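Here the structure comes first, spelled out in structure tokens, and everything after it is commentary.
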Amino acid sequence: EVRVLAPAEVDRRNVLLALVAGGTLAGIVGLAGWLRSDGAVVDGMRRLVGPHFSPNHTALYLERTLFLSLAALFIMTRRHRAAALAASGVVAVALVLTGSRGALLLGVPAGLTVLAGFALYRRPGLWRWVRRRRRWMIGAGAVVTVALLALVLWQRERLANLQTVALRLDVWQAALALWRDHFWAGVGPGGFFWSYPAYLRPGAVEVDQLHPHSLWLELVTTWGVLGLAWFALSAVALVTAVRRQGRASATTFWIVAGCCAAFAAALAHAQTDTFLLLADLAAWNAVAWALATAPAAD
């Protein structure tokens with residue numbers, strides 16, 4: 007439907023901006039609640055929840071939005087660039103306050119790496135520009151390092167908690183056992199919630215999970231080996247389409263770059279969480295995939 011309803015480049019840009027606006031609104035709602043002392047207190051910190059049912063769910067949505075908003079900086083006019091910068095700031099602050107280790111330790115670094123790769127590809131002279139401003143870069147690096155150290159100190163109890171790792175291991179073991187019994191086609195969308203408790207070891211407490219907290223287990227428990235094949239074909243189609251966009255216009259290039267960076271963040275985070283079994287994330291993935299793979303000539 008994105009291809010039909012947004013056939014032109016300007017239409018696809020508007021779709022991207024709509025995704026940014028939706029994510030920014032989620033961040034604003036979350037920040038407003040957090041400032042009112044709402045949220046889930048875990049490991050000594052009050053975690054921002056936002057419009058979703060858990061901080062991690064909100065983080066999964068915000069990390070996708072963050073990289074689209076950063077890409078929007080390159081496609082907005084100078085007059086409107088401040089709005090994209092403000093959106094990025096709101097989303098980044100809200101994301102940090104979720105306290106999601108998967109987002110902060112896996113998702114954000116992966117997304118930044120991919121976005122930087124696209125930037126260097128588009129502007130090969132960027133690296134020389136950075137080297138000529140070495141002192142400024144060293145200063146910026148020092149500021150970022152101090153900010154990261156402050157973040158680690160603030161969330162040290164959260165980052166050091168290994169109890170959730172043990173709980174995830176219980177879920178992963180149950181998910182593997184479930185997959186072995188439904189090897190080829192899985193248990194279907196929504197089937198994991200109803201099926202996996204029977205595979206938990208005695209004494210396990212994670213009996214109400216909607217997904218197995220792993221992209222790969224998510225695919226095989228839901229759709230079996232067929233799910234892995236579908237995912238591989240989708241990834242190949244995405245990479246093939248992206249390679250054709252190397253000489254596209256700046257707007258199309260940065261739309262693709264933002265979507266790919268967001269996907270990288272989402273996939274990295276999904277090694278310990280979900281990628282597509284929550285409805286809003288599945289819809290977001292579909293729209294972003296369509297934006298990234300749309301022919302430049304549409």
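Following this note's numbering, the numbering of the sequence shown begins with 7 at its first residue and continues without gaps. Backbone N, C-alpha and C define an ideal beta-carbon position, used for all residues, glycine too. These numbers come from a predicted model, not from an experiment.
- For residue 113, the closest of 148, 136, 82 and 72 by C-alpha to C-alpha distance is 72.
- A direct Cα-to-Cα measurement between residue 144 and residue 108 gives close to 28 angstroms.
- Rounded to the nearest whole angstrom, the CA to CA distance from residue 58 to residue 33 is 11 angstroms.
- Comparing alpha-carbon positions, the option among 121, 38, 154 and 203 lying closest to residue 97 turns out to be 38.
- In this chain, residue 211 is not harboured by any alpha helix (DSSP H), its DSSP state being neither H nor E.
- For the alpha helix (DSSP H) assignment, the uninterrupted runs of no fewer than 4 residues enclosed by the stretch 168 to 194 are, from N- to C-terminal side, 169 to 187.
- Contact check for residue 265 and residue 238: beta-carbon distance about 19 angstroms, past the 8 angstroms limit, so the pair fails to qualify.
- Counting C-beta pairs with one atom in each stretch, the stretch 209 to 220 and the stretch 250 to 270 have fewer than three that are closer than 8 angstroms, which means they do not touch.
- Take residue 103, set aside five residues on each side of it, and the residues of its chain with a beta-carbon closer than 6 angstroms to its own are 40 and 54, in chain order.
- Bridge pairing for residue 143: absent [DSSP].
- Taken atom to atom, the span from the alpha-carbon of residue 134 to that of residue 126 is near 10 angstroms.
- Residue 225 and residue 234 do touch by the CB rule: their CB atoms are close to 5 angstroms apart, below 8 angstroms.
- Contact check for residue 117 against residue 288 fails: the beta carbons are separated by 8 angstroms or more.
- Annotation: residue 276 is outside any beta strand (DSSP E) and is labelled neither H nor E by DSSP.
- In the DSSP assignment, residue 48 falls within the unbroken beta strand (DSSP E) covering 46 to 48.
- Judged by DSSP secondary structure, residue 52 falls within the beta strand (DSSP E) whose first and last residues are 51 to 53.
- Nearest neighbour of residue 19 by Cα position, chosen from 65, 148, 263 and 61, turns out to be 263.
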